[in-house]
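> Residue 1 is where the sequence shown starts when you use full-length UniProt numbering, and the numbers rise one by one after that.
One structure, pasted below without further comment.
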Amino acid sequence: MDIRTFTERLIESRTVDGGEADAAAWAREQLDALGFETYEWLADAEALANHSSFPDDPDLIDTADRPSVAGVLEFGDPDAGPTLVLNGHLDVVPADEDAWSSDPFKPVWGETDDGAETLTARGAVDMKAPVAACVFAALDAAERADSADLNGRLVVEAVAGEEEGGIGAAAAALSNPYPFDRDAAIVAEPTELTPVTAVEGTVMKRLEIQGRAAHAASRWRGEDVLPHFERIRAAFKALEAERGETVTHPLYEEYPVPWPIVIGIVEAGNWASSVPSSLTAEMRFGVAPGETVDEVEAQYEAALQTVVDGDDWLSSHPPVSSGSASSSSPPKPTPTSRSCGRSRRR
């Protein structure tokens, strides 16, 4: 199987909403056939719940039937050289098929005006093609190993659950699924081949507001949640602007909004002719490299509390918050990142 076919087959697997199992089984089968020694693991929700990057309640961490798989190639004396992990994820975000001119899970090959080949599909960039690239880069290294006198290992990981906190990669980091230690990792996210040594973290929040329903004909008897949520949304927009000015980092200076606050899901009411009596909103807060999750959560809580304190209705109907977080990673040049930089310049 070539890299093109491998990529197409991964894309055709609809790995949304926790559905990575079939793709993981197929990937492990292909890795076996290509000569890798394969491994598989499931994330432990109880163990993840003990980590600050995940909810405290393991019932909120979806790990059931979501395997991660890996293939290992060894060169020369594997224990005499480094072990490098090449990591990618199998899951993708859902696709609104009405917004696509073709089936988003059917790869479409094309060509740019200057002759470069293109691939369009859900997950083509993030990150089925990078997973395939990791597999075939490892195979290429294996072909050169003897002539280059290489010692060490390459581990190719295809993990589950990256889009919702990174359950597969976190499980491997917290509880080593291999009988050897790992020295470094390259996560093959699409960065235009630029080594990324600092990573923004996230605080994910879910907010619930309860009002009172009423028929449209007597809407004054209801308690509409939408105007009160709009005050909260405006406060978070102001917090985003404030953080953009006060929280700085040299690697993020070019971004107009370095630490985005995005309210990606808002659900309110259940009938067009009723006053919406309930609202649920889910949102993401960016965490700067070097900043702690606790600091950002404190700012979230303070901004929310300021709105509540200034609103009589919200004071008597306080919003209920829940959520999870993942820490940011401060920049730290390593031999691996420096080698990647040199390789890109060649």
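We treat Cβ as the ideally placed atom computed from N, Cα and C, and that holds for glycine.
1. Quick one: complete beta strand (DSSP E) runs, 3+ long, within the stretch 155-224?
2. Counting only runs that start and end within the stretch 117-152, where is the beta strand (DSSP E) found for 3 or more residues in a row?
3. Compute the Euclidean distance between the alpha carbons of A216 and E223, then round it to the nearest angstrom.
4. Mapping the DSSP letters down to three states, classify W109 as helix, strand or coil.
5. Mind checking who T83 pairs with in its DSSP beta bridge?
6. Going by beta carbon distance, what residues of the same chain come within less than 6 angstroms of R182, once the five residues before and after it are set aside?
7. Can you grab the Cα-Cα spacing for the pair T280 / P55, in whole Å?
8. Alpha carbon to alpha carbon, how far is D2 from E143? Give it in angstroms, no decimals.
9. Can the beta-carbon of A141 be found closer than 8 angstroms to that of L154?
10. Given that a residue counts as buried once 16 or more other Cβ atoms are within 10 Å of its Cβ, and exposed if not, what is S277?
11. Grab the span of the alpha helix (DSSP H) containing A70 for me, first residue to last.
12. Across which residues does DSSP place V266 in a beta bridge pair?
13. Run through the DSSP bridge pairs and tell me what E37 is partnered with.
14. Give the single residue among F180, V307, W271 whose Cα lies nearest to the Cα of L73.
15. How is F6 classed by DSSP in three states: helix, strand or coil?
16. Here's the rule: buried if 16 or more other CB atoms are within 10 angstroms of the residue's CB, otherwise exposed. What is R221?
17. Pull up the DSSP beta-bridge partners for V93, would you.
18. With a cut-off of 8 angstroms on the beta carbons, I'd call D44 and A171 a contact; round off their distance for me.
19. Tell me S322's beta-bridge partners as DSSP assigns them.
20. Spatial neighbours of A95 within its chain, please: CB distance less than 8 angstroms, with the 5 preceding and 5 following residues excluded, ordered by chain position.
21. With DSSP collapsed to three states, give me the class of S274.
22. Between the Cα of A129 and the Cα atoms of D114, V108, T112, which residue gives the shortest distance?
23. Please look up how many angstroms separate the CB atoms of V92 and D126, rounded, as I've assumed it's under 8 angstroms.
24. Using 10 angstroms around the beta-carbon of Y300, count the other beta-carbons present and answer buried if the total reaches 16, otherwise exposed.
According to the structure data:
1. Those beta strand (DSSP E) runs which fall completely within the stretch 155-224 and span 3+ residues are 184-187, 201-210.
2. Given a length threshold of 3 residues, each whole run of the beta strand (DSSP E) inside the stretch 117-152 is given here in chain order: 117-120.
3. Within the sequence shown, the letter at position 216 stands for residue 216. Within the sequence shown, the letter at position 223 stands for residue 223. C-alpha separation (whole angstroms): 12 angstroms.
4. Start at 1 with the first residue of the sequence shown, and residue 109 comes out as number 109. If DSSP states are grouped into helix, strand and coil, W109 belongs with the strands.
5. For the purposes of this step, residue 83 is identified with residue 83 of the sequence shown, where counting begins at 1. T83 pairs with R153.
6. Residue 182 sits at position 182 when you count from the first residue of the sequence shown. Within its own chain, the residues whose Cβ lies closer than 6 angstroms to the Cβ of R182, once the five positions on either side in sequence are excluded, are T83, V85, listed in chain order.
7. Indexing the sequence shown from 1 puts residue 280 at position 280. Indexing the sequence shown from 1 puts residue 55 at position 55. Just so you know, the alpha carbons of T280 and P55 end up roughly 18 angstroms apart.
8. Position 143 of the sequence shown, counting from 1, holds the residue named residue 143. Position 2 of the sequence shown, counting from 1, holds the residue named residue 2. If I take the Cα positions, the gap works out to 15 angstroms.
9. Mapped onto the sequence shown, residue 141 falls at position 141. Mapped onto the sequence shown, residue 154 falls at position 154. Yes, the Cβ-Cβ distance between A141 and L154 is below 8 angstroms.
10. Counted from its first residue, the sequence shown places residue 277 at position 277. S277 should be labelled buried.
11. In the sequence shown, counting from the first residue as 1, residue 70 sits at position 70. Careful: A70 lies outside any alpha helix (DSSP H), inside the beta strand (DSSP E) at 68-75.
12. Residue 266 sits at position 266 when you count from the first residue of the sequence shown. According to DSSP, V266 bridges with A281.
13. Start at 1 with the first residue of the sequence shown, and residue 37 comes out as number 37. Per DSSP, V72.
14. Mapped onto the sequence shown, residue 73 falls at position 73. Of the candidates F180, V307, W271, the one whose C-alpha sits nearest the C-alpha of L73 is F180.
15. Indexing the sequence shown from 1 puts residue 6 at position 6. If DSSP states are grouped into helix, strand and coil, F6 belongs with the helices.
16. Taking the sequence shown and counting its residues from 1, one reaches residue 221 at position 221. Flag for R221 reads exposed.
17. If you number the sequence shown from 1, residue 93 lands on position 93. Under DSSP, V93 forms no beta bridge with any residue.
18. Mapped onto the sequence shown, residue 44 falls at position 44. Mapped onto the sequence shown, residue 171 falls at position 171. That belief holds up - the Cβ atoms of D44 and A171 are roughly 6 angstroms apart, short of 8 angstroms.
19. As a first step, residue 322 is located in the sequence shown; it is residue number 322 there, counting from the start. Answer is R206, bridged to S322.
20. Here residue 95 refers to the residue found at position 95 when the sequence shown is read from its first residue. Answer for A95: V16, P104, F105, R122, listed in chain order.
21. As a working mapping, residue 274 is identified with position 274 in the sequence shown. The answer is strand: DSSP assigns S274 an E or B state.
22. Counted from its first residue, the sequence shown places residue 129 at position 129. Closest by C-alpha distance to A129, out of D114, V108, T112, is V108.
23. Counting from one through the sequence shown, the residue named residue 92 turns up at place 92. Counting from one through the sequence shown, the residue named residue 126 turns up at place 126. Indeed they touch by this definition, with Cβ atoms about 7 angstroms apart.
24. Sequence index remark: in the sequence shown, residue 300 carries index 300 (1-based). Per the 10 Å Cβ criterion, buried.
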